[in-house]
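S.K.:
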Amino acid sequence: MSSDDDRADPAADDAVRAHLDTVTGATRRRDAETLLGMFGRITTEPARLWPGSIIGFGRYHYRYESGREGDAAAAGFSPRKASMSIYFADGLGAYADELARLGPHKTGVGCLYIADLAKVDLAVLEQMVSASYRAVTAGDYYGHRARESEGGRPEPREPE
Numbered sequence: 001m002s003s004d005d006d007r008a009d010p011a012a013d014d015a016v017r018a019h020l021d022t023v024t025g026a027t028r029r030r031d032a033e034t035l036l037g038m039f040g041r042i043t044t045e046p047a048r049l050w051p052g053s054i055i056g057f058g059r060y061h062y063r064y065e066s067g068r069e070g071d072a073a074a075a076g077f078s079p080r081k082a083s084m085s086i087y088f089a090d091g092l093g094a095y096a097d098e099l100a101r102l103g104p105h106k107t108g109v110g111c112l113y114i115a116d117l118a119k120v121d122l123a124v125l126e127q128m129v130s131a132s133y134r135a136v137t138a139g140d141y142y143g144h145r146a147r148e149s150e151g152g153r154p155e156p157r158e159p160e
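One point on numbering: in UniProt numbering, the residue at position 93 of the sequence shown is 93, and numbering is uninterrupted.
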């Protein structure tokens, strides 16, 4: 779902690399490089720097019932001071089993926070990111978010 202008764009590559060069701390830098490789393998999309210092892969179009709409990264992460923020556009409600097996983490609405990737099961994380990316790019995803408390994805709906 990436546009052709995102593919093999040296400026986009340079922006991502420049951002990664600002990441301080050996653990955070190592984790950023690990996620860069993982997300690239999963999505087969090039990394792109999105607003908010998000390193994103692919894109999807969202539209809320309020009428607000736009484009966002289909999969993404951001190296923050305290932890890695990993973004799940479909929410985390559908991943209760995986979260139980993942290892130490915190969650927010659609965000997974991991302080040290060496302490989590990377195979579980890869399953989660892969499932989320597939859900968001399947063609029937229109910006709804899985209900965090109910543990499931909503039924697909037709675009308005």
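We treat Cβ as the ideally placed atom computed from N, Cα and C, and that holds for glycine.
As the structure is a computational prediction, the values presented were derived from the model and not from experiment.
1. Can you check the UniProt domain "YdhG-like" (33 to 131) for any alpha helix (DSSP H) of at least 4 residues that lies completely inside it and give the ranges in chain order?
2. Using a Cβ-Cβ cut-off of 6 Å (strictly less than) and excluding sequence neighbours within five positions of Leu117, which residues of its own chain qualify?
3. Among His61, Leu36, Ser83, Glu98, which has the Cα closest to the Cα of Ala74?
4. On the three-state DSSP scale, how would you describe Ala138?
5. Given Gly108, which residues of its chain have a CB within under 7 Å of its CB, disregarding the five upstream and five downstream residues?
6. In whole angstroms, what separates the C-alpha of Ile86 from that of Arg68?
7. Taking the straight line between their C-alpha atoms, what separation do you get for Gly56 and Arg134?
8. Are the Cβ atoms of Val129 and Leu102 separated by less than 7 Å?
9. Report yes if the CB atom of Ile42 is closer than 7 Å to the CB atom of Gly76, and no otherwise.
M.R.: Let's see:
1. Whole alpha helix (DSSP H) segments, 4+ residues: 96 to 102.
2. Translated into the one-based positions of the sequence shown, residue 117 becomes position 117. Answer for Leu117: Asp31, Thr34, listed in chain order.
3. If you number the sequence shown from 1, residue 74 lands on position 74. Residue His61 is the option with its Cα nearest to Ala74.
4. Along the sequence shown, one-based indexing puts residue 138 at 138. Correct three-state label for Ala138: coil.
5. For the purposes of this step, residue 108 is identified with residue 108 of the sequence shown, where counting begins at 1. Within the same chain, Gly108 has no close Cβ partners at all.
6. Here the question's residue 86 lines up with position 86 in the sequence shown. Here the question's residue 68 lines up with position 68 in the sequence shown. Rounded to the nearest angstrom, the two C-alpha atoms are 23 Å apart.
7. Along the sequence shown, read from residue 1 onward, the residue named residue 56 stands at position 56. Along the sequence shown, read from residue 1 onward, the residue named residue 134 stands at position 134. Their backbone Cα atoms lie some 15 Å apart in a straight line.
8. For this step, residue 129 is matched to residue 129 along the sequence shown. For this step, residue 102 is matched to residue 102 along the sequence shown. In this structure, Leu102 does not lie closer than 7 Å to Val129 by Cβ.
9. Locating residue 42 in the sequence shown gives position 42, where the first residue counts as 1. Locating residue 76 in the sequence shown gives position 76, where the first residue counts as 1. Against a cut-off of 7 Å, the Cβ pair of Gly76 and Ile42 comes out as no contact.
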